[in-house]
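**Student:** Quick mapping for you: the protein sequence lines, in order, are chains A and B. Take our numbering: the last position of the first sequence gets the number 217, and nothing is skipped along the way. Take our numbering: the last position of the second sequence gets the number 1349, and nothing is skipped along the way. Beta carbons are placed, not taken as given, at the ideal position from N, Cα and C, and that holds for glycine.
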Amino acid sequence: MTNLFNTKTKQLEGEIDGYLDRVTTAGLIFLEGVRAYVGGKNDKFERNYKEISVLETDADNVRRDIKHKLYTYMLIPESRGDVLGLLETLDDIVDICEKVLEQFSIETPVIPDFLKSDFIELAELSCKSVEEVVKGARAFFRDIAMVSDFVNRVHFYEHEADNVEEHLKRGIFNSDEIEDFSQKVHMRYFAEKIVAVSDVAESVAERLAVYAIKRRI
Amino acid sequence: MLTVIFFLSSGLFLGWSLGANNAANFFGTAVATRMIKFKTAAIICSIFLILGAVASGAGTAETLGKLGAINTFAGAFVVASAAAITSFFMTKIGLPISTSQAIVGGIIGWNFYSHTSTDLSVLYKIAGTWVFSPILTAIIAFLLFYLTKKIVESSKVHILHIDYYTRIGLLIVGAFGSYSLGANNIGNVMGIFVKLSPFKEISVAGIFHLSSAQQLFFIGGIAIAIGVFTYSKKVMMTIGSGIFKLSPVTALVVVLATSITLFLFASQGLYDFLASHHLPTFPLVPVSSSQAVVGAVMGISFAKGGRNMNFKKLGQISLAWIATPIASAIISYIFLFFMQNVFMQSVFK
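1. Is Gly1174(B) closer than 7 Å to Pro1038(B) when the C-beta atoms are compared?
2. Scan the segment 1101 to 1182 of chain B and note each continuous alpha helix (DSSP H) run of 4 residues or more that stays entirely inside, going in chain order.
3. Along the beta strand (DSSP E) that carries Leu1210(B), what are the first and last residues, could you check?
4. Should Glu158(A) go down as buried or exposed, given a rule of 16 or more other Cβ atoms within 10 Å for buried?
5. Below 7 Å between beta carbons is the criterion; list the residues of the segment 1163 to 1175 of chain B that meet it against any residue of chain C, in chain order.
6. Is it buried or exposed for Glu132(A), if we count other Cβ within 10 angstroms and need 16 for buried?
7. Between the Cα of Val83(A) and those of His1158(B), Ala1041(B), Ala1083(B), spot the shortest distance and give me the residue it belongs to.
8. Show which residues of chain B have a CB atom less than 9 Å away from the CB atom of Ile66(A).
9. What ranges does the alpha helix (DSSP H) occupy inside the segment 87 to 174 of chain A, keeping only unbroken runs of at least 4 residues that lie completely in it?
10. Consider the Cβ of Arg207(A): report whether some Cβ of chain B lies at a distance smaller than 7 Å.
11. What did DSSP end up calling Ser1203(B) once you bin it into helix, strand or coil?
12. Quick one, which residues of the segment 1034 to 1062 of chain B are near chain A if we go by CB-CB under 9 Å, in chain order?
13. Let me see if you follow: with CB-CB separation under 7 Å, is Ala212(A) close to chain B or not?
14. Just checking Ser1276(B) against the ligand HEM - is the residue's beta carbon closer than 6 Å to any of the ligand's heavy atoms?
15. Going along chain A, which residues have a C-beta under 7 Å from Val1249(B)?
16. Note the first and the last residue of the continuous alpha helix (DSSP H) segment covering Lys1066(B).
17. Thinking C-alpha only, which one of Val23(A), Glu46(A), Lys44(A), Leu101(A) is nearest Ile93(A)?
18. Reducing DSSP to helix, strand and coil, say where Ser51(A) ends up.
19. Just verifying my parser: in three-state terms, what is the DSSP assignment at Met1344(B)?
20. Mind listing the chain A neighbours of Val1152(B)? Cutoff is C-beta to C-beta under 7 Å, in chain order.
21. Taking only beta-carbon atoms, is Arg80(A) less than 7 Å away from chain B?
22. Buried or exposed for Gly1105(B), please, with buried defined as at least 16 other CB atoms from any protein chain shown within 10 angstroms of its CB.
23. Taking all protein chains shown into account, decide if Gln1101(B) is buried (16 or more other Cβ within 10 angstroms of its Cβ) or exposed.
24. Have a look at Gly1269(B), Ile1097(B), Val1189(B) and flag the residue whose alpha-carbon is nearest the alpha-carbon of Val1131(B).
25. So His1277(B) is in the alpha helix (DSSP H); what residue range does that whole segment cover?
26. Leaving aside the five residues before and after Phe1217(B) along the sequence, list all residues of the same chain whose C-beta is less than 7 Å from its C-beta, in chain order.
27. Does the CB of Arg142(A) have a neighbour CB from chain B at under 7 Å?
28. Between which residues of its own chain and Pro109(A) is the CB-CB distance below 6 Å, once the five residues before and five after are set aside?
29. Hey, does Ala145(A) have any beta-carbon neighbour from chain B nearer than 7 Å?
30. Buried or exposed for Phe1244(B), please, with buried defined as at least 16 other CB atoms from any protein chain shown within 10 angstroms of its CB.
31. Compare the C-beta of Lys1149(B) against all C-beta atoms of chain A and say whether one is closer than 7 Å.
32. Using 7 Å as the limit for Cβ to Cβ distance, is Thr9(A) near chain B?
33. Report yes if the CB atom of Phe150(A) is closer than 7 Å to the CB atom of Gly136(A), and no otherwise.
34. Rounded C-beta distance between Gly1059(B) and Leu1279(B)? I'm assuming under 8 Å.
35. Can you list, in chain order, the residues of its chain with a C-beta nearer than 8 Å to that of Gly171(A)? Leave out the 5 residues immediately preceding and following it.
36. Could you tell me whether the Cβ atoms of Asn1022(B) and Ser1289(B) are closer together than 7 Å?
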């Protein structure tokens, strides 16, 4: 009985870890995709976009499987909802990463040279906040006392991303280089889309903080 | 025989009420949070309760016997009824009382009525234990909590494993708690009938002996078990979710600390062991599991730096120590008067 449980738990533990790996990977592909697009490497960008689409479907399947197992034989009932809630909000991160690359692929915004570094920095900060929130989620499962540490880091990177976003927007609208107002709006739109990744990471972090308080001994 | 069953009925009712109210202290968390099915909890609780009552119930029953040797069935019936009624009303007004305090009051009422002197040294020992038991539980819970926290935090066990161990732990500790409850509290239910027991000793193939008192405890244990099956679920749903606010692992510590306290004050084996090694012993006195739970919660609050300290609850417990025996003694005295003079039953010899 104990062995059977241990095997099943180990399996589920592995699946949860695997799911978290996918979320981190989604953040990294997102960053690589933005870098490739901004750097004009269209082939690489399209490859990244395909990769993230496959990853998104895969992550959904893994999450559904975990959900089923959690409800069948694991966890105390009070925590089940929290764990599922956490996994579902983490899924929003994967979704938004894929959506942003999809929009780049469809709308092909023209990014002037002087804005490129800001766009990349924004994507880096968003990716960093995703990495930290995933570390926080891992801590929730194994080392709950550390969760708040990672939650703080997410808040920090999200705040930094907001600052870069503001700087970027001011740069866009004060610029004489971009003549069309429509292009300015288009740039602003993409800045907001990239920063939205860190916003989602922050909302996951906030949930995580509450779940961790509930689980603290 | 019918008369005996009739007179035993008040004790059995007291047993029923004990099972209905106290099982929640050991399985409330597990059942209220659906970690263990009520049916599983009730079966385990009942089996271990009866085991504890039969195997280790004699010690506390003997202590109560020393307080007042009730010598007629009618007298015992009235004392148990007075205790049952007091428990019922005190619980109704929301005081965390125990049958232990009610039965002691009932016995003292009988002593007064029958002009038997109350052995004050026994009374002091019992009252001292009531005060000491929540404090001891608080200390045990404090230490257990500290230890558990350290182990869980340093071992970095996966949440899935923690929950599995908690679930199993609640089941095992619940069984241990039920055993201790049976051993410690059966004296309240059947103790006053022990000297009047009509049963003869049963011996099976010279190996298995069941004394007259043990048969009585067995019947009392069944009454407690019926209380567990018929009414405790409701109590578990109310109390269990309250304790659970502390987190599942902490709830496990509360149940374990309470079980240990009840065991310490009921185990004849431990008493003999400590006495033979010239160590201080724990008096075999029926204590209150509900008050022990409050003590445990306090101990944990203290370990957390004084958060969630409920001083109102402490005040209520102190009030219960005094109010319950007095109320029960008065009711017992009045009922004895009626039994003697209206129903013409001799309540003492």
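**Tutor:** For this structure:
1. Taking the first residue of the second sequence as 1, we reach residue 1038(B) at position 38. Taking the first residue of the second sequence as 1, we reach residue 1174(B) at position 174. It is Phe, not Pro, that sits at residue 1038(B) in the sequence shown. Going by C-beta atoms, Phe1038(B) is not nearer than 7 Å to Gly1174(B).
2. 1120 to 1155
3. The residue you call residue 1210(B) lines up with position 210 of the second sequence. Leu1210(B) -> beta strand (DSSP E) spans 1208 to 1210.
4. For the purposes of this step, residue 158(A) is taken as the residue at position 158 of the first sequence. Buried, because 16 or more other Cβ atoms sit within 10 Å of the Cβ of Glu158(A).
5. Given the protein chain composition of this structure (A and B), no chain C is represented.
6. Taking the first sequence and counting its residues from 1, one reaches residue 132(A) at position 132. Flag for Glu132(A) reads buried.
7. Here residue 83(A) corresponds to residue number 83 of the first sequence, with the count starting at 1. Closest by alpha carbon: His1158(B).
8. If you number the first sequence from 1, residue 66(A) lands on position 66. Simply none; closest approach about 11 Å.
9. 113 to 142, 147 to 174
10. The sequence position of residue 207(A) within the first sequence is 207, counting from 1. It does not; no Cβ of chain B falls within 7 Å.
11. Numbered from its first residue, the second sequence carries residue 1203(B) at position 203. In this structure, Ser1203(B) counts as strand in the three-state DSSP scheme.
12. Arg1034, Met1035
13. Locating residue 212(A) in the first sequence gives position 212, counting from the first residue. Judged by the 7 Å Cβ criterion, Ala212(A) is not in contact with chain B.
14. Inclusion of the ligand HEM in the displayed structure is not the case, the ligand content being empty and no account of it being possible.
15. Against the second sequence, residue 1249(B) aligns to sequence position 249. Within chain A, the residues near Val1249(B) are Ile217.
16. On the second sequence, residue 1066(B) is found 66 positions in, with the first residue counted as 1. Its alpha helix (DSSP H) spans residues 1058 to 1067.
17. Stepping through the first sequence from its first residue, residue 93(A) is reached at position 93. Nearest option by C-alpha distance: Val23(A).
18. Taking the first sequence and counting its residues from 1, one reaches residue 51(A) at position 51. It should be pointed out that residue 51(A) corresponds to Glu in this sequence rather than to Ser. Of the three classes helix, strand and coil, the one that applies to Glu51(A) here is helix, per DSSP.
19. Here residue 1344(B) refers to the residue found at position 344 of the second sequence. Note: Met1344(B) maps to coil in three-state DSSP.
20. Against the second sequence, residue 1152(B) aligns to sequence position 152. Chain A residues near Val1152(B): Ile217.
21. Stepping through the first sequence from its first residue, residue 80(A) is reached at position 80. Not closer than 7 Å to any Cβ of chain B, the Cβ of Arg80(A) fails to qualify, so no.
22. Taking the first residue of the second sequence as position 1, residue 1105(B) is located at position 105. Flag for Gly1105(B) reads buried.
23. What you label residue 1101(B) is simply residue 101 of the second sequence in a count that begins at 1. By the 10 Å Cβ count, Gln1101(B) comes out buried.
24. The count along the second sequence starts at 1 and reaches residue 1131(B) at position 131. Checking every option, the nearest Cα to that of Val1131(B) belongs to Ile1097(B).
25. As a first step, residue 1277(B) must be located in the second sequence, where it is residue number 277. Taken as a continuous stretch (DSSP letters only), His1277(B) belongs to no alpha helix (DSSP H), as it is neither H nor E.
26. Numbered from its first residue, the second sequence carries residue 1217(B) at position 217. The residues are Ala1053, Val1054, Gly1057, Ile1186, Met1190.
27. As a position in the first sequence, residue 142(A) is number 142, starting the count at 1. Yes - at least one Cβ of chain B is within 7 Å of the one on Arg142(A).
28. Position 109 of the first sequence, counted from the first residue, corresponds to residue 109(A). Correct list, in chain order: His186, Phe190.
29. Within the first sequence, residue 145(A) is the residue found at index 145, counting from 1. Chain B, which has a Cβ nearer than 7 Å to the Cβ of Ala145(A), makes this yes.
30. In the second sequence, residue 1244(B) corresponds to position 244, counting from 1. Residue placement at Phe1244(B) is flagged as unreliable, the pLDDT there being 47, under the threshold of 50; a coordinate-derived value is accordingly withheld.
31. As a working mapping, residue 1149(B) is identified with position 149 in the second sequence. Yes, contact with chain A.
32. Within the first sequence, the letter at position 9 stands for residue 9(A). So, interface residue.
33. As a first step, residue 150(A) must be located in the first sequence, where it is residue number 150. As a first step, residue 136(A) must be located in the first sequence, where it is residue number 136. Yes; because the gap between Cβ atoms is below 7 Å, this pair is in contact.
34. Taking the first residue of the second sequence as position 1, residue 1059(B) is located at position 59. Taking the first residue of the second sequence as position 1, residue 1279(B) is located at position 279. Not confirmed; about 17 Å, so no contact.
35. Stepping through the first sequence from its first residue, residue 171(A) is reached at position 171. Only Phe114, Leu115, Asp118 meet the Cβ criterion.
36. Walking along the second sequence from the start, residue 1022(B) turns up at place 22. Walking along the second sequence from the start, residue 1289(B) turns up at place 289. Yes. Within cutoff.
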